[in-house]
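This report concerns only the one structure given below.
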Amino acid sequence: MVQYFTPSYSLYPVLADIHGAQRNAVPLKPDFSLPSVGELKRGKAWDFRAALSYVTTPNAPSGRGYPVAELDALCQAQKGVLVLDEAYVDFARENALALALKHPHVLVARTFSKAYSLCFQRVGYFVGHAQLVDALHKIRDSYNVNGLGQVAAVATLSDLPYYRRNFRRIIATRERLTAELTAMGFQVLPSQTNFLLVKPPRFRAQKWLAKLRSRKVLVRWFSQPEISGYLRITIGTDAEMDALLRAARHILG
Ligand SMILES: *Cc1c(COP(=O)(O)O)cnc(C)c1O
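Laid out in structure tokens, this is it:
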């Protein structure tokens, strides 16, 4: 069985279906925080013996980061393989890499698709105990990550200061946008990623989507009931964020 929290990465159920796996989607708390082990036990929906479980940390699409201590408690209680999907971790305060080294049934997943801008190359990796990685070698596709992708990934690592400056710039813009939107009446969820999930004032989120679009500002809206009241805003350049703020002021004004 493949298990994950909702809302989180939309591809888990799709990939589980492709592989004919049973799936178990367990809701996060209403503020998108992680239920504690005690709450998961009492709720009975989470299966501590599931063969494979995913935690998206920081979470997408909410942006919320989960403290390593909370993740560690879940790792300790979980019997099956647990993947900590850290696709957005470069924008976060903490990372959980140590948990993959501490627990033999835990893998940390990383990708070059987000913070390193290589999504067209599809380069990602797992970190975990040798025995678990050996098991992955047995079931993975016989072909490796493509050669150009490997070259591109290594090239990003040879210029880490450039990327780290970028992460800091994106985080600074995220904090500024959070403050400005909050001052305008948006409810902004705390974000540890390169996007914000916000509940807009005055009009429904779907209406905001259309109003912003007519001013050539593109944001995301998701129809799933848990998040249909929110907009997801990707952190762009300062000029792009200023354009968003100008459009929002016009819409409200
Ligand atoms: C983008 C993303 C991935 C997958 O990245 P790849 O492009 O397949 O390496 C995995 N998990 C989450 C949460 C993502 O947002």
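Using the numbering used here, read the sequence shown as starting at 17 and increasing by one per residue. All residues carry an ideal CB built from backbone N, CA and C; glycine is no exception.
- Message: Considering only the alpha carbon of each residue, which of Val170, Leu247 and Tyr82 lies closest to Arg220?
- Response: Between Arg220 and the set Val170, Leu247 and Tyr82, the nearest pair of CA atoms involves Leu247.
- Query: DSSP state of Ile249, grouped into three classes?
  - Reply: strand
- What are the boundary residues of the alpha helix (DSSP H) that Asn182 is part of? Leu176 to Ala199
- Look at the alpha carbon of Leu197 and the alpha carbon of Ala61, and state the distance between them as a whole number of angstroms. 36 Å
- Item | Nearest-angstrom beta carbon gap, Leu50 and Thr22 [assumed within contact, 8 Å] | 12 Å between Cβ atoms; not a contact.
- Thr22, enclosing beta strand (DSSP E) - first and last residue: Val18 to Thr22
- Message: My parser needs the alpha helix (DSSP H) runs of 4 or more residues fully inside the region 53-108; what are they?
- Response: Counting whole runs of 4 or more residues, the region 53-108 contains the alpha helix (DSSP H) stretches 53-59 and 84-93.
- Gly165, enclosing alpha helix (DSSP H) - first and last residue: Gly163 to Leu173
- Message: So, for Tyr25: in the same chain, excluding its five sequence neighbours on each side, which residues have a beta-carbon less than 8 Å away from its beta-carbon?
- Response: Tyr70, Thr72, Ala76, Asp101 and Ala103
- Just the C-alpha distance for Asp88 and Arg181, rounded to the nearest angstrom, thanks. 30 Å
- Query: In terms of alpha-carbon separation, which member of His119, Pro206, Ser133 and Leu134 lies closest to Arg80?
  - Reply: Pro206
- Would you call the CB atoms of Phe107 and Ser78 closer than 7 Å? Contact flag unset, no.
- Opening and closing residue of the beta strand (DSSP E) in which Pro43 lies: Arg39 to Pro43
- What span of residues does the alpha helix (DSSP H) with Tyr28 cover, start to end? Boundaries of the alpha helix (DSSP H) harbouring Tyr28: Leu27 to Ile34, taken from the DSSP string.
- Message: Does the beta-carbon of Ser133, which I'm using as the reference point, lie nearer than 6 Å to any heavy atom of ligand 1?
- Response: no
- 7 Å Cβ cutoff met for Ile249 and Ile186: no
- Residues that DSSP places opposite Arg236 in a beta bridge: Arg248
- Query: Using a Cβ-Cβ cut-off of 6 Å (strictly less than) and excluding sequence neighbours within five positions of Val84, which residues of its own chain qualify?
  - Reply: Glu110 and Ala112
- Query: Over what stretch of residues does the alpha helix (DSSP H) that includes Arg262 continue unbroken?
  - Reply: Asp254 to Leu268
- Mind checking who Arg156 pairs with in its DSSP beta bridge? DSSP output for Arg156 lists no bridge partner at all.
- Query: Are Gly144 and Leu123 touching if we call contact CB-CB under 7 Å?
  - Reply: yes
- Query: Regarding Gly163 and ligand 1, is the C-beta to nearest heavy atom distance less than 6 Å?
  - Reply: no
- Message: Short of 7 Å in beta carbon distance, which residues of its chain neighbour Ala93, apart from the five on each side in sequence? Order them along the chain.
- Response: Val53 and Phe64
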